[in-house]
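K.L.:
When you read off a place in the sequence shown, starting at 1, and then add 973, the result is the number in this note's numbering. All C-beta atoms in this analysis are idealised placements derived from N, C-alpha and C, irrespective of residue type, glycine included. No experiment lies behind these values; they were computed from the predicted model shown.
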Amino acid sequence: MRYAPHRPWWGVWLSALALSAIVAGCAPPVDEVGGTALVPSAEPGTFPVTIDHRYGTTELTGQPERVVALGSPGRDAVLALGARPVGVVDDTGTGGMPPWTDSRWADREPAVVGDGHGGDIERIAALRPDLIIAQRSGLTRQRYERLSRIADVIAPPTGRPVGTAAWPELVKPVGKALGFPRLTRFLLRETESEFARVRLAHPEFGSRTVVVARRIAPGRFAAFTSDDPRAAFLTELGFRLDPRVDDLAERGATAVELSGDELRLLDQDRLVWLTSGARDRARIEADPRYRRLAVHREGRAVFAPADDPDFGAAFSTPTVLSIPHAIERLVPRLAAN
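(1) Identify which residue in ARG1181, GLY1233, GLY1044 and THR1074 has its Cα closest to the Cα of ALA1107.
(2) In the DSSP assignment, find the unbroken alpha helix (DSSP H) run with TRP1318 in it and report its ends.
(3) Taking a contact to mean a Cβ-Cβ separation below 8 Å, would you say LEU1294 touches THR1157 in this structure?
(4) By the three-class DSSP mapping on this structure, what secondary structure does THR1031 have?
(5) Given GLU1005, which residues of its chain have a CB within under 6 Å of its CB, disregarding the five upstream and five downstream residues?
(6) Tell me whether ASP1080 is buried or exposed, calling it buried when 16 or more other Cβ atoms sit within 10 Å of its Cβ.
(7) Could you name the residues that DSSP lists as bridge partners for GLY1060?
(8) Would you report the Cα separation of LEU949 and PHE1276, rounded to the nearest angstrom?
(9) Tell me, please, which residues DSSP counts as bridged to ILE1189.
(10) May I have a chain-ordered list of the beta strand (DSSP E) segments no shorter than 3 residues that lie completely inside the region 1148–1227?
(11) Using a threshold of 8 Å, state whether the C-beta atoms of GLN1115 and VAL1184 are closer than that.
(12) By the three-class DSSP mapping on this structure, what secondary structure does ARG1273 have?
(13) Would you mind working out which of GLY1225, GLU1235, ALA1205 and GLY1091 sits nearest ALA1195, comparing C-alpha positions?
(14) Using CA atoms only, rank isn't needed, just tell me which of ARG1048, ILE1094 and GLY1111 is closest to GLU1082.
(15) Apart from the five residues just before and just after HIS1298, which ones in its own chain have a Cβ nearer than 6 Å to its Cβ?
(16) What is the C-beta distance between VAL1040 and VAL1051, in whole angstroms, given that I count them as a contact (C-beta under 8 Å)?
(17) Kindly identify the DSSP beta-bridge partner or partners of VAL1229.
(18) Going by DSSP, what residues sit across from VAL1022 in a beta bridge?
(19) On the three-state DSSP scale, how would you describe ILE1127?
(20) Roughly how far, in whole angstroms, is the beta-carbon of ILE1024 from the beta-carbon of THR1034, given that I think they are within contact range, below 8 Å?
(21) Report all residues from its chain with a CB closer than 7 Å to the CB of ARG1101; omit the five preceding and five following residues, and keep chain order.
(22) Touch check for the region 1058–1065 and the region 1129–1145: three-plus C-beta pairs under 8 Å?
(23) Exposed or buried, which one is ARG1122 when buried takes at least 16 other CB atoms within 10 Å?
(24) Would DSSP call ARG1265 helix, strand or coil?
(25) Does the distance from the CB of THR1164 to the CB of PHE1212 come in under 8 Å?
(26) Answer with buried or exposed for PRO1173, where buried requires no fewer than 16 other C-beta atoms within 10 angstroms of its C-beta.
(27) How is the alpha helix (DSSP H) around VAL1304 delimited, first residue to last?
(28) Can you tell me where the alpha helix (DSSP H) holding ARG1119 begins and where it ends?
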């Protein structure tokens, strides 16, 4: 039974903007220039709200109107909820927005305030935001405090090691901050159903092991642990991770370097390589130790290049918008052979 790509709920018959208006019980408001507002009206009775995060608590007494999203999870959550950030960072390295967001911007492109390493403070301040979504794992307390002088800030979630927050835990605070708790719950259920459809179509995934890896230097490779969002993505498709990878890693680490005989841990039913592009793939496939592994000889490795946003970037940072995009492209490769 093959997985038939499912067109996400938000593209079938109703945009998220219209849906959020229905949930809120009103039509989308109109701004001063005659277009739809950057943030539709909140669901009734949702404010004030309090959001806990790594650096404390942020209390919002009313609905934000101008949002800056410093990272793809926050950006995509805002867009999926029918709103539009006034500022974003370019975390694809392409100078533009990824294709799974193309239909979301309407006539109002966002200002780019920095790259994937963070936004420029002065450019962020110039946009006059009233909410900054800064869920990047690299957000320091010092930078959080600087951003807090500009606007209310949502920092990474608590209770998880740095960089390991699951995609639902990044969506929930955004939905709460924008005033859409019911719409957020619906969005989460529909996104989770994408994974359920794959598991139903491919029950064989449940009996297969998988590992996600990357090349870090000539002759040096690393495997991702169960705390990494990409590895977690594959378990949501139904695959099983080899527990020996976690056993080799330090507690809370998202990856571990494999040395010597440990390279044999790559010899799984499926191996997903994260690469920078065609040259990186060629270097991996030229490594004599890797070439001896059955996963290579039998063609069971899948390559996810970072220079292909339709695939590599969508899988590397799973979000509510990129997940259906990644599933459609990744599942046929995983199901082959």
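P.N.:
In short, the structure shows the following:
(1) Locating residue 1107 in the sequence shown gives position 134, counting from the first residue. Answer by Cα proximity: GLY1044.
(2) Given a span of 974 to 1310 for the chain in the structure shown, any question on residue 1318 remains unanswerable.
(3) Residue numbering aside, residue 1294 sits at position 321 when the sequence shown is read from its first letter. Residue numbering aside, residue 1157 sits at position 184 when the sequence shown is read from its first letter. No, the Cβ-Cβ distance between LEU1294 and THR1157 is not below 8 Å.
(4) Translated into positions along the sequence shown, residue 1031 becomes position 58. If DSSP states are grouped into helix, strand and coil, THR1031 belongs with the strands.
(5) As a first step, residue 1005 must be located in the sequence shown, where it is residue number 32. The predicted model places GLU1005 with a pLDDT of 33, which falls under 50 and marks its position as unreliable, so this point remains unresolved.
(6) As a first step, residue 1080 is located in the sequence shown; it is residue number 107 there, counting from the start. Exposure of ASP1080 is indicated by the presence of fewer than 16 other C-beta atoms within 10 angstroms of its C-beta.
(7) The residue labelled residue 1060 in the question sits at position 87 within the sequence shown. Note: GLY1060 sits in a beta bridge opposite VAL1041 and ALA1084.
(8) Outside the shown range of the chain (974 to 1310) lies residue 949, about which nothing can therefore be said.
(9) Mapped onto the sequence shown, residue 1189 falls at position 216. Looking at the DSSP assignment, ILE1189 forms no beta bridge with any residue, so it has no partner.
(10) DSSP assignment within the region 1148–1227 yields the following whole beta strand (DSSP E) runs of 3 residues or more, N-terminal first: 1182–1190 and 1193–1197.
(11) Reading the sequence shown from its first residue, position 142 is the one you call residue 1115. Reading the sequence shown from its first residue, position 211 is the one you call residue 1184. For GLN1115 and VAL1184, no; Cβs fall outside 8 Å.
(12) The residue you call residue 1273 lines up with position 300 of the sequence shown. The answer is coil: DSSP assigns ARG1273 none of H, G, I, E or B.
(13) As a working note, residue 1195 is residue 222 in the sequence shown. Comparing Cα-Cα distances from ALA1195 to each of GLY1225, GLU1235, ALA1205 and GLY1091, the minimum goes to GLU1235.
(14) As a first step, residue 1082 must be located in the sequence shown, where it is residue number 109. Of ARG1048, ILE1094 and GLY1111, the residue nearest in Cα terms is ARG1048.
(15) Taking the sequence shown and counting its residues from 1, the one referred to as residue 1298 is at position 325. TRP1073 and ALA1287, listed in sequence order.
(16) What you label residue 1040 is simply residue 67 of the sequence shown in a count that begins at 1. What you label residue 1051 is simply residue 78 of the sequence shown in a count that begins at 1. 6 Å between Cβ atoms; contact.
(17) As a working note, residue 1229 is residue 256 in the sequence shown. For VAL1229, which the question treats as bridged, DSSP gives the partners ALA1196.
(18) The sequence position of residue 1022 within the sequence shown is 49, counting from 1. LEU1033.
(19) Locating residue 1127 in the sequence shown gives position 154, where the first residue counts as 1. Three-state DSSP puts ILE1127 in a strand.
(20) The residue you call residue 1024 lines up with position 51 of the sequence shown. The residue you call residue 1034 lines up with position 61 of the sequence shown. With 8 Å as the limit, ILE1024 and THR1034 do not qualify as a contact, their Cβ atoms being about 12 Å apart.
(21) Locating residue 1101 in the sequence shown gives position 128, counting from the first residue. Around ARG1101: ARG1039.
(22) For the pair of segments examined, the region 1058–1065 was found not to touch the region 1129–1145: the number of CB pairs separated by less than 8 Å stays below three.
(23) By 1-based counting over the sequence shown, the position of residue 1122 is 149. With fewer than 16 Cβ atoms within 10 Å of its Cβ, ARG1122 is classed as exposed.
(24) As a working mapping, residue 1265 is identified with position 292 in the sequence shown. Looking at ARG1265 - three-state DSSP - the assignment turns out to be coil, as it is neither helix nor strand.
(25) Position 191 of the sequence shown, counting from 1, holds the residue named residue 1164. Position 239 of the sequence shown, counting from 1, holds the residue named residue 1212. Taking 8 Å as the Cβ cut-off, THR1164 and PHE1212 do not qualify as a contacting pair.
(26) Walking along the sequence shown from the start, residue 1173 turns up at place 200. Strictly speaking, residue 1173 in this sequence is Leu, with Pro absent from that position. A residue is called buried once 16 or more other Cβ atoms fall within 10 Å of its Cβ, and LEU1173, having fewer, is exposed.
(27) By 1-based counting over the sequence shown, the position of residue 1304 is 331. 1295–1308 is the extent of the alpha helix (DSSP H) around VAL1304.
(28) Translated into positions along the sequence shown, residue 1119 becomes position 146. Element bounds for ARG1119: 1114–1121.
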